[in-house]
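The sequence shown runs contiguously to residue 276 in UniProt numbering. Every residue gets a Cβ at the ideal spot worked out from N, C-alpha and C, and that includes glycine. Here the structure is a predicted model, which is why all the values come from computation and not from measurement. Everything below concerns the one structure shown next.
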Amino acid sequence: ERILQLKEVNPDLRVLLSIGGWTHASRGFNDVSKSANNIKTFAKNSMKFLRDNKFDGLDLDWEYPGAKDQGAEPHSKTGYTKLVKKLSRVFQQEAKETGKEKLLLTCATAAARHRIEAGYEVEEVCKYFDFVSVMTYDYHGSWDGKTGHNSPLYGMHKERKKYREWNINSSMEVWVELGCPREKLNIGLSAYGRAFSLFGETGMGNGKLIIKKKSSIGVKASAAEAGKYTREAGVLAYYEICELLAKNPSNRVFWHREMSVPYVSSKSLWIGFDNV
1 ERILQLKEVN PDLRVLLSIG GWTHASRGFN DVSKSANNIK TFAKNSMKFL RDNKFDGLDL
61 DWEYPGAKDQ GAEPHSKTGY TKLVKKLSRV FQQEAKETGK EKLLLTCATA AARHRIEAGY
121 EVEEVCKYFD FVSVMTYDYH GSWDGKTGHN SPLYGMHKER KKYREWNINS SMEVWVELGC
181 PREKLNIGLS AYGRAFSLFG ETGMGNGKLI IKKKSSIGVK ASAAEAGKYT REAGVLAYYE
241 ICELLAKNPS NRVFWHREMS VPYVSSKSLW IGFDNV
């Protein structure tokens, strides 16, 4: 209700309801997309709920159709297309009958090629979305066991082939390559960084002991201590990062030229984040 009140300040503001998310995975979406009747019921109920609660559209955040590891069933890829098509048609028909502005239909989608190819009939679904927000973040995190940037703009030439497309530029090009119009694509921006606690790392080279620079990518690390406000190990909100930099001069911001992103590095802490 408070968010909707912002429209009184800016009449051009559009507020959408987003459904799904990473922790929700495919729960509910599998059943909804399984039959034409389920899809029709969901589309009509969604339209009514949005109008009754003064929302301006619906954002689908199914993570992800086609992803077996997230519980998606075999029909989910084609089922997603059918669901999107029906929602679009119901929204268009309602606008035509009532004279109201059409409800927006958008989505939050995968950034990794294997997720995109497994879960989306890209060219077809992009016909029905008003815009597509690609989740171009969480490419790397503490789950890797080493430092890596949360949202690199470009890749590094020395990265293994598997990871060379794990960057914003490559993700967006995959969507275009598979048939989505550029003008419908949004780059996702994370208002947080992935934080690592550094172990330091040693090795042998030409018979000499070498200590790797802790400011580099790929250094052995684990999730950093949880932030005061976000309270999740390995994650710091942008404002927590700003506070950390202001309080401790030893935490310096560096620029990674090849990936075109900033990162924080100190003796025991490494943070990949986006700044302004």
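| message | Between which residues of its own chain and L189 is the CB-CB distance below 7 Å, once the five residues before and five after are set aside? | response | Your numbering for residue 189 matches position 189 in the sequence shown. Hits under 7 Å: D274.
| message | Restricting to Cα atoms, I'd like to know which of V219, L244, A233 is closest to E225. | response | On the sequence shown, position 225 is the one that residue 225 refers to. It is A233.
| task | Taking only runs that begin and end inside the segment 126 to 152, name each unbroken beta strand (DSSP E) of 3 or more residues, in chain order. | result | 131 to 134
| request: Hey, could you find the ends of the alpha helix (DSSP H) N275 is sitting in? | output: Taking the first residue of the sequence shown as 1, we reach residue 275 at position 275. Neither: N275 is in no alpha helix (DSSP H) and is coded neither H nor E.
| task | To the nearest angstrom, report how far apart R14 and M135 are at their CA atoms. | result | Here residue 14 corresponds to residue number 14 of the sequence shown, with the count starting at 1. Here residue 135 corresponds to residue number 135 of the sequence shown, with the count starting at 1. So the alpha carbons of these two residues sit roughly 20 Å apart.
| query | Can you list, in chain order, the residues of its chain whose CB lies under 6 Å from that of L60, leaving out five sequence neighbours each side? | reply | As a first step, residue 60 must be located in the sequence shown, where it is residue number 60. Around L60: C107.
| task | Check the C-beta distance from R182 over to V176 and give it rounded, since I have them as a contact under 8 Å. | result | Your numbering for residue 182 matches position 182 in the sequence shown. Your numbering for residue 176 matches position 176 in the sequence shown. Indeed they touch by this definition, with Cβ atoms about 6 Å apart.
| said: The beta strand (DSSP E) that contains D61, what's its start and end? | reply: Here residue 61 is taken as the residue at index 61 of the sequence shown, counted from 1. Where D61 is concerned, the enclosing beta strand (DSSP E) stretches over 57 to 61.
| field | Counterpart residues of Y192 in DSSP-defined beta bridges | value | Numbered from 1 along the sequence shown, position 192 holds the residue referred to as residue 192. The partner list for Y192 (beta bridge, DSSP) reads A237.
| task | Could you tell me the boundaries of the alpha helix (DSSP H) in which R51 lies? | result | Locating residue 51 in the sequence shown gives position 51, where the first residue counts as 1. Here the alpha helix (DSSP H) through R51 covers 36 to 52.
| With DSSP run on the structure shown, which of helix, strand or coil describes residue 280? | Residue coverage of the chain in this structure runs from 1 to 276, which leaves residue 280 outside it and unanswerable.
| request: Report yes or no: do the segment 139 to 152 and the segment 117 to 125 share at least 3 C-beta pairs separated by less than 8 Å? | output: no
| query | If you run the structure through DSSP and keep just helix, strand and coil, what is R252? | reply | Here residue 252 refers to the residue found at position 252 when the sequence shown is read from its first residue. If DSSP states are grouped into helix, strand and coil, R252 belongs with the strands.
| said: Taking contact to mean 3 or more Cβ pairs, one atom from each stretch, closer than 8 Å, check whether the segment 239 to 250 and the segment 125 to 140 are in contact. | reply: no
| Residues bridged to I187 by DSSP? | Translated into the one-based positions of the sequence shown, residue 187 becomes position 187. In the DSSP output, where bridge partners are listed per residue, I187 has V134.
| Which same chain residues, not among the five before or five after E73, have their C-beta less than 6 Å away from its C-beta? | To locate residue 73, count along the sequence shown from 1; it is residue 73. So the qualifying residues of the chain are N30.
| request: Please find out if some non-hydrogen atom of the ligand MN comes closer than 7 Å to the beta-carbon of L105. | output: No copy of the ligand MN occurs in the structure displayed, which carries no ligand at all.
| query | Per DSSP, L198 forms a beta bridge with which residues? | reply | As a first step, residue 198 is located in the sequence shown; it is residue number 198 there, counting from the start. Paired residues: A221.
| Taking F129 as the reference, which of G155, S171, K102 has the closest Cα? | Here residue 129 refers to the residue found at position 129 when the sequence shown is read from its first residue. Measuring from the Cα of F129, the nearest candidate turns out to be K102.
| Helix, strand or coil for Y80 per DSSP? | Looking up residue 80 in the sequence shown gives position 80. DSSP places Y80 in helix when its eight states are reduced to three.
| task | Could you tell me whether the Cβ atoms of A195 and V235 are closer together than 8 Å? | result | As a first step, residue 195 is located in the sequence shown; it is residue number 195 there, counting from the start. As a first step, residue 235 is located in the sequence shown; it is residue number 235 there, counting from the start. Yes, Cβ-Cβ distance for A195 and V235 is below 8 Å.
| query | Would you say the segment 55 to 69 touches the segment 18 to 25, given that touching needs at least three Cβ pairs under 8 Å? | reply | yes
| message | With distance defined between alpha-carbon atoms, name the residue in K220, C242, Y154, K184 nearest to G193. | response | Here residue 193 refers to the residue found at position 193 of the sequence shown. With distances taken between Cα atoms, G193 lies closest to C242.
| Looking at the structure shown, is A108 part of a helix, part of a strand, or coil, going by DSSP? | Locating residue 108 in the sequence shown gives position 108, where the first residue counts as 1. Of the three classes helix, strand and coil, the one that applies to A108 here is strand, per DSSP.
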